[in-house]
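Number of protein chains: 2
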Amino acid sequence: MPQLGTEIDATLQRAAQLAGEYLAAHHGHEVPVARAVPPAELTKRLGLALPQQGRPLSELITDMQQVLEYSVRTGHPRFFNQLFGGFDPAAILGEWITALVNTSMYTYEAAPVATLMEVELIRRMNRMVGFERGEGVFAPGGSNSNLMAALAARHRAFPHAKQSGHRADDKPVFFLSEEAHYSVLRAGAIMGMGLDAAVEVACDPQGRMRPDALAAAIDRALADGRTPFMVVATAGSTVAGAFDPIDAIAEVTEPHDIWLHVDASLGGSVMFSERHRQLMRGVPRAHSVTWNPHKMMGVPLSCSATLMREPGSLRATNAMDADYLFHGKSDACYDLGDLSLQCGRRVDAIKLWFSWQAHGHDGFAQRVDHFFEMSAAFRAELEARDGFELVREPQSTNVCFRYVPPQLRALAGEARLEAVGACTTRVRDLLTQQGNFLINYATLDGAPAYRMALLNAETSESDTHALLDEIEALSADA
Amino acid sequence: MPQLGTEIDATLQRAAQLAGEYLAAHHGHEVPVARAVPPAELTKRLGLALPQQGRPLSELITDMQQVLEYSVRTGHPRFFNQLFGGFDPAAILGEWITALVNTSMYTYEAAPVATLMEVELIRRMNRMVGFERGEGVFAPGGSNSNLMAALAARHRAFPHAKQSGHRADDKPVFFLSEEAHYSVLRAGAIMGMGLDAAVEVACDPQGRMRPDALAAAIDRALADGRTPFMVVATAGSTVAGAFDPIDAIAEVTEPHDIWLHVDASLGGSVMFSERHRQLMRGVPRAHSVTWNPHKMMGVPLSCSATLMREPGSLRATNAMDADYLFHGKSDACYDLGDLSLQCGRRVDAIKLWFSWQAHGHDGFAQRVDHFFEMSAAFRAELEARDGFELVREPQSTNVCFRYVPPQLRALAGEARLEAVGACTTRVRDLLTQQGNFLINYATLDGAPAYRMALLNAETSESDTHALLDEIEALSADA
Chain C
265 MPQLGTEIDA TLQRAAQLAG EYLAAHHGHE VPVARAVPPA ELTKRLGLAL
315 PQQGRPLSEL ITDMQQVLEY SVRTGHPRFF NQLFGGFDPA AILGEWITAL
365 VNTSMYTYEA APVATLMEVE LIRRMNRMVG FERGEGVFAP GGSNSNLMAA
415 LAARHRAFPH AKQSGHRADD KPVFFLSEEA HYSVLRAGAI MGMGLDAAVE
465 VACDPQGRMR PDALAAAIDR ALADGRTPFM VVATAGSTVA GAFDPIDAIA
515 EVTEPHDIWL HVDASLGGSV MFSERHRQLM RGVPRAHSVT WNPHKMMGVP
565 LSCSATLMRE PGSLRATNAM DADYLFHGKS DACYDLGDLS LQCGRRVDAI
615 KLWFSWQAHG HDGFAQRVDH FFEMSAAFRA ELEARDGFEL VREPQSTNVC
665 FRYVPPQLRA LAGEARLEAV GACTTRVRDL LTQQGNFLIN YATLDGAPAY
715 RMALLNAETS ESDTHALLDE IEALSADA
Chain L
265 MPQLGTEIDA TLQRAAQLAG EYLAAHHGHE VPVARAVPPA ELTKRLGLAL
315 PQQGRPLSEL ITDMQQVLEY SVRTGHPRFF NQLFGGFDPA AILGEWITAL
365 VNTSMYTYEA APVATLMEVE LIRRMNRMVG FERGEGVFAP GGSNSNLMAA
415 LAARHRAFPH AKQSGHRADD KPVFFLSEEA HYSVLRAGAI MGMGLDAAVE
465 VACDPQGRMR PDALAAAIDR ALADGRTPFM VVATAGSTVA GAFDPIDAIA
515 EVTEPHDIWL HVDASLGGSV MFSERHRQLM RGVPRAHSVT WNPHKMMGVP
565 LSCSATLMRE PGSLRATNAM DADYLFHGKS DACYDLGDLS LQCGRRVDAI
615 KLWFSWQAHG HDGFAQRVDH FFEMSAAFRA ELEARDGFEL VREPQSTNVC
665 FRYVPPQLRA LAGEARLEAV GACTTRVRDL LTQQGNFLIN YATLDGAPAY
715 RMALLNAETS ESDTHALLDE IEALSADA
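Residue numbers (our numbering), protein chains in the order written: chain C, 265 to 742; chain L, 265 to 742.
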């Protein structure tokens with residue numbers, strides 16, 4: 265289907281116009297967050313069939329309008345559902361350029377500009393976490409970054425495994441908090457150790473790993489003849505937004521010489537903030553860090569950095585030295601492919617570099633501080649209203665809470681928890697159906713609770729208050 | 265950095281203009297493929313530093329121009345370096361929309377449109393390979409898809425491994441051709457079996473796995489007390505573009521009930537072509553297939569489908585049932601997250617869906633046929649010229665060759681091979697420095713050879729002939 269230059273030009277111009285309108289529409293709340301249309305009905309409305317013959321490029325503008333119409337508006341100030349939110353025009357521009365340039369991150373030769381941008385970004389992020397000599401690479405998400413860290417940890421403890429696999433006497437075991445992300449557990453399954461190789465360590469009431477429980481768990485594992493090779497501390501847990509105490513955890517891991525990985529997928533961005541970076545105190549003692557700029561920094565998915573304190577860790581673990589691709593030139597340190605678990609790798613650096621140009625370090629710092637202020641204000645509002653209960657003392661930008669409507673306030677104990685939990689999921693379903701707000705829930709301490717994620721700088725107090733009003737109203741009959 | 269709507273509009277409009285100019289510039293050969301600037305020099309020219317304070321959005325247009333100026337033009341008709349090429353305006357439009365929508369592929373709730381598009385694409389691709397009841401999911405590249413297939417194969421053979429890891433008596437072993445992609449080897453290392461768990465099977469002179477050698481290798485492994493759990497056939501090998509004989513391989517694997525995976529990262533797209541799909545004859549007998557639309561179909565990186573013949577394979581292998589995300593509703597079959605190794609997952613479906621609208625099935629079929637015709641014509645041209653030697657009989661769209669300049673034609677045997685190989689890498693370096701062509705090389709049968717990848721529909725015979733002219737000219741003194 266060769267297209268004429270003029271048709272291409274006109275279509276891209278029209279797309280840019282629509283993009284501008286789409287981004288502007290969020291500001292005035294003129295549009296809902298989502299239109300909850302069930303799959304069968306939406307399939308009918310959209311007409312998704314793949315045609316036998318091609319259609320003119322210009323016609324696809326209509327399809328674009330449909331996609332924008334029926335997709336969830338994750339940039340809407342009332343979207344609280346995921347650990348990302350808002351729109352960043354500079355990062356969107358970066359993504360548009362990425363699509364044009366369309367290259368792959370294995371060699372400097374094929375991706376000179378994107379490689380240098382990634383190197384610069386990794387260097388800066390490493391410096392921010394205190395890895396002065398570090399190395400790193402972008403990965404397609406936090407799960408993949410956590411897997412890469414686990415592989416590096418294994419390679420250090422069981423260097424024979426890369427070539428000859430695990431031996432019966434390896435008995436690897438690693439530790440994570442009971443509120444850590446499931447991708448850390450799954451890494452054990454992928455790596456052939458099984459889910460049983462993961463020991464979940466108890467948390468304090470705020471959802472932070474207890475260093476004393478970790479120490480005891482390590483001692484038990486050693487007594488059982490197992491080999492602890494990694495501890496994963498979480499900096500910004502998925503539900504509660506809690507930060508494990510890295511310094512205290514390092515006190516436990518260092519005497520045993522255990523690899524310490526910090527899953528800061530959510531929380532890494534607090535390093536921008538002079539006020540809040542103390543949440544990650546001790547992170548320079550870690551061996552590796554996962555940090556996802558696509559969360560708190562607001563660049564489009566996905567953008568996840570795998571950072572390593574010691575240079576050489578990733579290359580030693582992952583290099584396969586494929587001769588058809590890597591030609592071992594003097595600039596080979598700029599061939600990032602051998603650091604990665606991917607071969608062809610999408611460029612995720614350009615969008616982050618553009619975003620960094622627009623915000624600057626200071627802009628990101630203000631952004632992070634602002635999210636914490638929003639979280640504190642939201643917490644205060646919950647306390648000011650009857651019936652709202654914090655489920656956890658908020659640790660960062662997430663606030664977990666329940667609402668006890670008047671008709672349930674006489675209940676106590678288990679019965680109360682169960683009724684309030686059931687009310688939470690029913691009301692959350694109604695909210696989703698209405699589409700004016702999107703907020704997620706998770707089971708915490710035995711029952712569902714709302715998880716408010718405050719990660720859009722354009723969200724105002726009137727947005728969060730309107731959510732609480734609506735929860736109150738819907739809970740009256742739920 | 266709050267930006268005004270008008271500034272956003274103006275910047276996106278300008279970006280769309282530049283995009284149109286960028287795409288048009290390739291047609292006339294007015295621009296080089298690449299400007300080979302070494303890392304230190306390019307860093308200086310670009311000024312990549314990350315600022316303390318943000319810059320106005322409109323200023324970033326200058327940065328965009330720099331990125332376009334110094335990036336390798338992978339869409340240029342004289343870019344032959346990677347297994348992708350050309351530009352697809354419809355797919356670029358899809359990527360632009362993806363950046364705007366910015367969502368994640370774990371739940372239907374968060375990504376209704378993109379999920380339905382992915383489901384439709386996977387259904388169609390499954391039907392094309394003959395998996396009538398199949399399931400599947402997109403992954404961030406062929407390496408990841410191959411890993412997912414290997415994990416599913418392991419889960420079938422060693423169902424205890426997910427929970428409790430490998431047992432000493434598992435002794436897993438898998439088989440791939442000696443010309444298979446390195447990601448298949450690495451999967452064994454990731455999975456804790458080590459590189460030793462992979463047995464490389466000999467190929468015929470065209471680079472296709474020999475079924476008799478496979479049968480013998482399986483028998484040897486069984487005699488050694490090992491458990492063969494997977495055979496990986498390659499459909500479109502990375503260097504030679506060879507297709508392993510799937511039907512004959514299935515004859516070997518089926519009596520042993522071994523999982524058969526087909527790595528059709530490059531070759532899957534031949535299923536569009538009535539003329540060439542016989543290269544994958546027998547693929548419905550496979551258990552899983554990797555197929556990368558970002559290669560022969562020309563959509564931007566990355567777009568890779570992991571296809572499974574039996575529904576349930578991916579979910580059983582990968583599901584972690586994270587309660588905070590997956591709420592077990594009736595539409596849960598549209599929550600693709602539990603099929604994947606990722607949690608947050610970038611949307612790769614929209615670009616492919618848009619590309620499919622523009623090309624149609626017939627357009628893709630023509631495209632594939634055209635690449636094969638280009639390959640045949642290029643091969644004929646090599647034979648018509650003195651000194652050019654095919655290294656392999658071309659099997660698909662790749663053509664591997666060497667050029668023996670007049671001054672080396674008197675040499676014979678090892679000395680000749682060595683001199684010609686050295687000449688190949690020297691000339692290739694010169695070509696890369698000049699930047700008018702980009703073509704890769706790889707070691708084949710003991711010495712470097714050029715690997716011509718013909719995957720841009722806008723490449724003409726004058727482009728390929730000009731490359732050969734230039735190789736002849738540069739080899740005269742090399």
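C-beta: ideal position from N, C-alpha, C; glycine also.
Keep in mind it's a predicted model, so treat the numbers as computed, not measured.
Suppose contacts are defined by Cβ-Cβ distances below 8 Å. Is residue i in contact with residue j by that definition?
{"i": "D727(C)", "j": "P469(C)", "result": "no"}
{"i": "S660(C)", "j": "F507(C)", "result": "yes"}
{"i": "A613(C)", "j": "E725(C)", "result": "no"}
{"i": "L462(C)", "j": "R474(C)", "result": "The amino acid at residue 462(C) is misidentified as Leu; the sequence shows Ala. Their beta carbons are not under 8 Å apart, which means A462(C) does not touch R474(C) by this criterion."}
{"i": "S533(L)", "j": "M572(L)", "result": "no"}
{"i": "V496(C)", "j": "V563(C)", "result": "no"}
{"i": "L694(C)", "j": "I703(C)", "result": "no"}
{"i": "S529(L)", "j": "H445(L)", "result": "yes"}
{"i": "V401(L)", "j": "L600(L)", "result": "yes"}
{"i": "L589(C)", "j": "Y334(C)", "result": "no"}
{"i": "R549(C)", "j": "I510(C)", "result": "yes"}
{"i": "G237(L)", "j": "A717(L)", "result": "Only positions 265 to 742 of chain L appear in this structure, which leaves residue 237(L) out of reach."}
{"i": "V503(L)", "j": "C607(L)", "result": "no"}
{"i": "A355(L)", "j": "K615(L)", "result": "yes"}
{"i": "A280(C)", "j": "A512(L)", "result": "no"}
{"i": "P575(L)", "j": "C567(L)", "result": "no"}
{"i": "L605(C)", "j": "R579(C)", "result": "no"}
{"i": "F701(C)", "j": "F344(C)", "result": "yes"}
{"i": "L287(L)", "j": "V377(C)", "result": "no"}
{"i": "L314(L)", "j": "W523(C)", "result": "no"}
Could you spell out the range, first to last residue, of the beta strand (DSSP E) harbouring residue i?
{"i": "F395(L)", "result": "Here F395(L) belongs to no beta strand (DSSP E), and DSSP marks it neither H nor E."}
{"i": "V401(L)", "result": "E399 to A403"}
{"i": "P492(C)", "result": "T491 to T498"}
{"i": "E653(C)", "result": "F652 to L654"}
{"i": "N662(L)", "result": "N662 to Y667"}
{"i": "P436(L)", "result": "P436 to S441"}
{"i": "N704(C)", "result": "L702 to L708"}
Assuming residue i contacts residue j (C-beta within less than 8 Å), just tell me the rounded distance between them.
{"i": "K435(L)", "j": "R490(L)", "result": "4 Å"}
{"i": "F618(C)", "j": "G452(C)", "result": "That pair is no contact at about 37 Å."}
{"i": "I361(C)", "j": "V331(L)", "result": "6 Å"}
{"i": "L738(C)", "j": "V691(C)", "result": "5 Å"}
{"i": "V365(C)", "j": "R337(C)", "result": "Not a contact, Cβ separation roughly 28 Å."}
Give the range of the alpha helix (DSSP H) segment to which residue i is assigned.
{"i": "S428(C)", "result": "A425 to S428"}
{"i": "I356(C)", "result": "P353 to V365"}
{"i": "F642(C)", "result": "A613 to A648"}
{"i": "T689(C)", "result": "G677 to Q698"}
{"i": "T728(L)", "result": "E725 to S739"}
{"i": "R715(L)", "result": "Looking at the DSSP string, R715(L) is not in any alpha helix (DSSP H); the run it does join, the beta strand (DSSP E), is A711 to A717."}
{"i": "S577(C)", "result": "S577 to N582"}
{"i": "D273(C)", "result": "G269 to A289"}
{"i": "L332(C)", "result": "L324 to Y334"}
Residues from the segment 537-551 of chain C in contact with chain L, defined by Cβ distance under 8 Å: none
Residues from the segment 423-440 of chain L in contact with chain C, defined by Cβ distance under 7 Å: Taking a C-beta cut-off of 7 Å against chain C, the contacting residues of the segment 423-440 of chain L are A425, K426, Q427, S428, G429, H430 and A432, listed in chain order.
Interfacial residues, the segment 363-374 of chain C to chain L, with Cβ spacing under 8 Å: Cβ contacts with chain L come from A363, L364, V365, N366, T367, S368, Y372, E373 and A374.
4 or more residues per run - each alpha helix (DSSP H) lying fully within the segment 455-519 of chain C: Whole alpha helix (DSSP H) segments, 4+ residues: 475-487.
Chain L contacts from the segment 496-511 of chain C (Cβ-Cβ distance under 9 Å): T502 and V503
Residues in the segment 283-301 of chain L having any Cβ partner in chain C nearer than 9 Å: A283, G284, E285, Y286, L287, A288, H291, A298, R299, A300 and V301
Residues of the segment 620-642 of chain L with Cβ closer than 7 Å to any Cβ of chain C, in chain order: W620, Q621, A622, H623, G624, H625, D626 and G627
Cβ-based contacts, 9 Å cut-off: residues of the segment 306-324 of chain C near chain L: L306, T307, L310, L312, A313, L314, P315, Q316, Q317, G318, R319, P320, L321, E323 and L324
Residues, ordered as in the chain, of the segment 465-476 of chain C that lie near chain L by beta-carbon distance below 9 Å: Taking 9 Å as the cut-off between beta carbons, none of the residues of the segment 465-476 of chain C comes near chain L.
Against chain L: residues of the segment 596-610 of chain C by CB proximity under 9 Å: C597, Y598, S604, L605, Q606, C607, G608, R609 and R610
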